[in-house]
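K.L.:
Residue numbers (UniProt numbering): 1 to 134.
Where is the CB? At the ideal position from N, CA and C, for every residue including glycine.
This one's a predicted model, so the numbers in the text were calculated from it and none came from an experiment.
Before we start, here is the structure in question, set down as structure tokens.
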Amino acid sequence: MSSIITFFVAPDAVVAAGVVSGGPGPEFQAAEYGNFAVWEAIEEWESILLDRDLAAVEGADAVSGDDSPLVLAIPPALTAALAGADDAVLGSAATRWVRQPPARWRRRPPRRPKAGSTAGSRRAAALPGTAGPR
């Protein structure tokens, strides 16, 4: 099954969790993507942008889930790195991400949500603390 991932910026986890049922509205900066493993992607971005071994990353935390779409809170250090990155840093990180051999990311099993927390096909990843609603 394919999933649509909606990335958006929220001032904190409470605000992010509050938009679970309907998704982020126009007051949030949002971007939608499909067909990739969001848990692994967040860990890979953290490894690349913070220059950490994959075994040492924090990974995302589920803010909501169970019987509703999953909302993930991205680690504060990754949030800060993304917020402070210029085009050159983001371009370099993207290049490194797509060029990494798949075996590198298999060294550590990805974190998974609790059983039953992936209801529905929509997911959201929030970047708490980087910006407020527009």
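For Glu58, tell me which candidate among Val15, Glu44, Asn35 and Trp97 has the shortest Cα-Cα distance.
P.N.:
By one-based count along the sequence shown, residue 58 stands at place 58. Minimum Cα distance to Glu58 is reached at Glu44.
K.L.:
Ser47 and Leu54 look like a contact to me (Cβ under 8 Å); what is the Cβ gap, rounded to whole Å?
P.N.:
Taking the sequence shown and counting its residues from 1, one reaches residue 47 at position 47. Taking the sequence shown and counting its residues from 1, one reaches residue 54 at position 54. About 5 Å; that satisfies the 8 Å criterion.
K.L.:
Does the region 16–23 touch the region 68–81, meaning 3 or more C-beta pairs lie closer than 8 Å?
P.N.:
Touching, yes.
K.L.:
Near Pro110, which residues of its chain fall below 6 Å by C-beta distance, leaving aside the five closest residues on each side in sequence?
P.N.:
As a first step, residue 110 is located in the sequence shown; it is residue number 110 there, counting from the start. In this predicted model, Pro110 has a pLDDT of only 49, less than 50, meaning its place in the structure is not dependable enough to derive any value.
K.L.:
Rounded to whole angstroms, what is the Cα-Cα separation between Ala16 and Arg99?
P.N.:
Taking the sequence shown and counting its residues from 1, the one referred to as residue 16 is at position 16. Taking the sequence shown and counting its residues from 1, the one referred to as residue 99 is at position 99. Going from the Cα of Ala16 to the Cα of Arg99 covers about 32 Å.
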